[in-house]
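> Below you will find the structure I want to go over with you.
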Amino acid sequence: MVPTMGALHQGHASLFEVAHQLADVVVATIFVNPLQFNNSSDFKKYPLQLDRDVQLLEEHGVHYLYAPTVDTMYGSDFSTSVHIEGITDLLEGASRPGHFSGVATVVTKLFSAGRPDIAVFGQKDFQQFAVIQRMVSDLDMPIRLIMAPTIRERDGLAMSSRNVRLSTAARQQALAISQGLLAAQAQFASGIRESQQLIEAVESVISLTSAEIDYVKLVDAKTLQDTTSASEGSVIVVAVILDGIRLIDNHILV
Ligand code: PAF
């Protein structure tokens, strides 16, 4: 199963490719989940393009699509929320209260509906993956989770359904995110381990633009807690707001 919110792009296509390598039958889900938007205007602005999405699914040999309506997913008396403690309070969770409960609730429902053996998610939403991993482990869900690498535009910008909302100028400035991450990786490769120095490498590139930095952090890949000293596998996570649009990215240090 590859759960998505639609507005599919090459990043999703790579998730379908990964799914095909692991499974005989690939199911995509498309559902723009109102529970995970803490800002209703963000929900309303989310791009909807089901016809184009279906075409992309066909091109990538996806066998089934599950695209329920909001009423099917959440009846008027729907009263359950899946909440994961701790890991959801940080980073995206701190800036978007309730977001991860919305994600966990809908992913639980999608897993119940499809009963997948394997579910594939993208690395771009690194915290989302960690949260779902925690949930699957805690609730003994018999599902193997796969994190597929982030797919980037040629110039380095991580693919996201939100990118289409960026003005030309903001789109250009957004490159600072991946450039900052590369600068930090270069410092790590040259032997720097002090997290503050790596964080500053990212921030100094982004601060040349008009992007507002929400956070740049160096965290442990499992707990997402800050680490003071980097090692291979530590993750630099970034969130910025550019032209009112929230963009996230991350890099696993190698
Ligand atoms: O990553 C997404 O597209 C969504 O958060 C998900 C996992 C489909 C849940 O709505």
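If you use the numbering used here, the sequence shown closes out at 258, no skipped numbers anywhere. In this text, a Cβ means the ideal position worked out from N, Cα and C, and glycines have one as well.
Enumerate in chain order the residues of its own chain whose CB-to-CB distance from PHE41 is below 7 Å, with the five nearest sequence positions on each side excluded.
Within the sequence shown, residue 41 is the residue found at index 37, counting from 1. Scanning its chain for C-beta atoms nearer than 7 Å, with the 5 sequence neighbours on each side dropped, one finds around PHE41 the residues PHE47, in chain order.
> Just grab the DSSP bridge partners of LEU246 for me.
On the sequence shown, residue 246 is found 242 positions in, with the first residue counted as 1. Note: LEU246 sits in a beta bridge opposite ILE249.
> Just tell me which of ASP121, GLU157, ILE91, GLY118 has its CA closest to the CA of PHE130.
Counted from its first residue, the sequence shown places residue 130 at position 126. Residue ILE91 is the option with its Cα nearest to PHE130.
> Heavy atom of the ligand PLP less than 7 Å from the Cβ of THR8, yes or no?
No copy of the ligand PLP occurs in the structure displayed; its ligands are the ligand PAF alone.
> Among ASP28, ALA11, ILE88, whose alpha-carbon lies nearest the alpha-carbon of GLN53?
Here the question's residue 53 lines up with position 49 in the sequence shown. Of all alpha-carbon atoms in ASP28, ALA11, ILE88, the one lying nearest the alpha-carbon of GLN53 is that of ALA11.
> Is it right to say LYS76 is buried, meaning 16 or more other beta carbons lie within 10 angstroms of its own, or is it exposed?
On the sequence shown, residue 76 is found 72 positions in, with the first residue counted as 1. A small correction: the amino acid at residue 76 is Thr; Lys does not occupy that position in the sequence shown. THR76 should be labelled exposed.
> Where does PHE125 land, buried or exposed, given buried means 16+ other C-beta within 10 angstroms?
Against the sequence shown, residue 125 aligns to sequence position 121. So PHE125 counts as buried.
> Among the residues of its own chain, which have a CB less than 8 Å from the CB of PRO101, if the five just before and after it don't count?
In the sequence shown, counting from the first residue as 1, residue 101 sits at position 97. Counting only Cβ-Cβ distances below 8 Å, and skipping sequence neighbours, we find ASN42.
> Checking 8 Å against the spacing of the C-beta atoms, do ILE34 and LEU69 come in under that value?
Residue numbering aside, residue 34 sits at position 30 when the sequence shown is read from its first letter. Residue numbering aside, residue 69 sits at position 65 when the sequence shown is read from its first letter. Yes, the Cβ-Cβ distance between ILE34 and LEU69 is below 8 Å.
> If we count Cβ pairs, one from each stretch, closer than 8 Å, do we get three or more for the segment 183-195 versus the segment 246-257?
Taking one beta carbon from each stretch, the segment 183-195 and the segment 246-257 have 3 or more pairs nearer than 8 Å; the two touch.
> Within 8 Å, do at least three Cβ pairs link the segment 228-240 to the segment 176-183?
No, they do not touch.
> Do VAL209 and GLY184 have their C-beta atoms closer together than 8 Å?
In the sequence shown, counting from the first residue as 1, residue 209 sits at position 205. In the sequence shown, counting from the first residue as 1, residue 184 sits at position 180. Yes, the Cβ-Cβ distance between VAL209 and GLY184 is below 8 Å.
> Measure from the alpha carbon of LYS221 to the alpha carbon of each residue in VAL241, GLU204, GLY237, GLU236, then state which is nearest.
Here residue 221 refers to the residue found at position 217 when the sequence shown is read from its first residue. Answer by Cα proximity: VAL241.
> Put SER105 into one of helix, strand or coil per three-state DSSP.
As a position in the sequence shown, residue 105 is number 101, starting the count at 1. The answer is helix: DSSP assigns SER105 an H, G or I state.
> Name the two residues that bound the continuous beta strand (DSSP E) containing ARG166.
For the purposes of this step, residue 166 is identified with residue 162 of the sequence shown, where counting begins at 1. No beta strand (DSSP E) contains ARG166, which DSSP labels as neither H nor E.
> Report yes if the CB atom of ILE88 is closer than 8 Å to the CB atom of ARG138, and no otherwise.
Locating residue 88 in the sequence shown gives position 84, counting from the first residue. Locating residue 138 in the sequence shown gives position 134, counting from the first residue. Yes, Cβ-Cβ distance for ILE88 and ARG138 is below 8 Å.
> For the beta strand (DSSP E) containing ARG148, name the first residue and the last one.
Numbered from 1 along the sequence shown, position 144 holds the residue referred to as residue 148. From DSSP, the beta strand (DSSP E) with ARG148 extends over 148-152.
> Judging by CA-CA distance, which residue of GLN200, LEU251, ALA23, LEU39 is the nearest neighbour of TYR4?
Since the displayed the chain opens at 5 and closes at 258, residue 4 lies outside it and no answer follows.
> Measuring straight from C-alpha to C-alpha, what distance separates ALA215 and ALA123?
Against the sequence shown, residue 215 aligns to sequence position 211. Against the sequence shown, residue 123 aligns to sequence position 119. Answer to the nearest angstrom: the Cα atoms are 33 Å apart.
> Heavy atom of the ligand PAF less than 7 Å from the Cβ of PHE125, yes or no?
Here residue 125 is taken as the residue at index 121 of the sequence shown, counted from 1. At least one heavy atom of the ligand PAF is nearer than 7 Å to the Cβ of PHE125, so yes.
> Checking the sheet assignment: what are the DSSP bridge partners for ASP230?
Counted from its first residue, the sequence shown places residue 230 at position 226. The partner list for ASP230 (beta bridge, DSSP) reads VAL223.
> To the nearest angstrom, how far is the alpha carbon of ASP159 from that of ASP253?
Residue 159 sits at position 155 when you count from the first residue of the sequence shown. Residue 253 sits at position 249 when you count from the first residue of the sequence shown. Near 14 Å, if we compare the C-alpha coordinates of ASP253 and ASP159.
> Would you kindly work out how many angstroms separate the C-alpha atoms of VAL111 and PRO7, rounded to a whole number?
Residue mapping note: residue 111 aligns to position 107 of the sequence shown, counting from 1. Residue mapping note: residue 7 aligns to position 3 of the sequence shown, counting from 1. Cα-Cα distance, rounded: 8 Å.
> ASP218: beta carbon under 7 Å from a heavy atom of the ligand PAF?
As a first step, residue 218 is located in the sequence shown; it is residue number 214 there, counting from the start. No.
> Can you list, in chain order, the stretches of the alpha helix (DSSP H) that have 4 or more residues and sit fully within the segment 23-66?
Listed in chain order, the alpha helix (DSSP H) elements of length 4 or more contained wholly in the segment 23-66 are 44-49, 54-63.
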